[in-house]
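Take a look at the structure:
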């Protein structure tokens, strides 16, 4: 409307909804979750499981765009999102269409919020809204990391070739990115950046070709910023793991493609801890969980 105040800007993106920034003390780990506006059940499942602090030094933030089916932020879904944001105080919404093509903008929005509104957080985790994260295990890992200053950690993909088919969802024309393969990058299902790494990615992002998907773009930013991805086999890529007590209780730090009821069950298993693993299962670790995933298909 004429005369209205301009929208605040984060990472070059206008903001429609934003919660208060982090207080003192800041969370050790900020959990950033891109989500679609209509994914109310997924967001609530995350809140009820690994996204609920439970006394841990964490805070969760969901990143959304504007519902495409409504074209604005004031339709039925948009109004429900605004009410959700008021009730929970954990939603940031950018003034852009919520489409797959804009997932990179959504991630930059979340990273920009982290840098501007929660600069005291030591680490951020970006995870999908259908992901499981073993937050206590991840906190233990990060607290013991010897060189955390420029950490970029996840399940690393190597030698991934750009999709050149114009009909493909991830089409990357050679005019945009000419190399035969992308540099190594962490799977977008879940990855960790230290606070200095977040700033480094944001600093170079405007000069990096807008290549999709989002995890490839972040990997390109990391390469330009001099960040080397660190691989963790305990963080899932595309595999879909069965609900096994040992895998979720004592092995996996993250898993992917869980529906809300499955996520709640996985969290129950995680709370059981590594006691669910036999000595042999502990030795086999991720290899056993991968084998179970392969058998499940």
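In the numbering used here, the protein residues as written are 31 to 327.
We put the CB at the ideal spot given by N, CA and C, even for glycine.
Since we're looking at a predicted model, the values are computed, not measured.
- Residue 87 holds the alpha-carbon nearest to the alpha-carbon of residue 52 among 87, 107, 323, 257.
- Secondary structure remark: continuous beta strand (DSSP E) runs of at least 3 residues inside the region 57 to 93, in chain order: 59 to 64.
- One Cα belongs to residue 228, the other to residue 154, and the distance between them is close to 8 Å.
- Rounded to whole angstroms, the separation of the alpha carbons of residue 93 and residue 64 is 5 Å.
- Within the DSSP bridge table, the entry for residue 260 names 183 as partners.
- Taking every protein chain shown into account, the CB of residue 188 has fewer than 16 other CB atoms within 10 angstroms, so this residue is exposed.
- In the DSSP assignment, residue 123 is bridged to 47, 94.
- The three-state reading of DSSP puts residue 206 in coil, since its state is none of H, G, I, E or B.
- Taking 3 residues as the shortest admissible run, the region 231 to 317 contains no complete beta strand (DSSP E) segment at all.
- A contact is defined here as three or more CB-CB pairs under 8 Å, and the region 237 to 254 fails this definition with respect to the region 279 to 297.
- For the pair residue 45 and residue 38, the CB atoms are nearer than the 7 Å cut-off.
- Each of 190, 321, 167, 142 was checked against the Cα of residue 270, and the nearest Cα belongs to 321.
- For residue 157, the uninterrupted beta strand (DSSP E) run begins and ends at 153 to 157, by DSSP.
- For residue 190, the secondary structure class from DSSP, reduced to helix, strand or coil, is coil.
- Per the Cβ contact rule, the region 282 to 293 is in contact with the region 160 to 174 (3 or more Cβ pairs under 8 Å).
- Around the beta carbon of residue 78, a 10 Å sphere encloses fewer than 16 other beta carbons of the protein chains shown; the residue is thus reported as exposed.
- Going by C-alpha positions, residue 90 is about 12 Å away from residue 58.
- By the criterion of a C-beta distance shorter than 7 Å, residue 167 is surrounded in its chain by 283, once the five residues flanking it on both sides are discounted.
- Cβ neighbours of residue 315 within its own chain (closer than 7 Å, five residues either side excluded): 281.
- With contacts defined by Cβ atoms closer than 7 Å, residue 217 and residue 185 form a contacting pair.
- For residue 223, the enclosing beta strand (DSSP E) has its first and last residue at 215 to 224.
- Of the residues 110, 209, 198, 203, the one whose Cα lies closest to the Cα of residue 69 is 110.
- Of all alpha-carbon atoms in 298, 112, 130, 312, the one lying nearest the alpha-carbon of residue 75 is that of 298.
- Under the 10 Å beta carbon count, residue 123 is surrounded by 16 or more other beta carbons and is classified as buried.
- Distances from the CA of residue 165 to each of 300, 325, 180, 261 were compared; the closest alpha carbon is that of 300.
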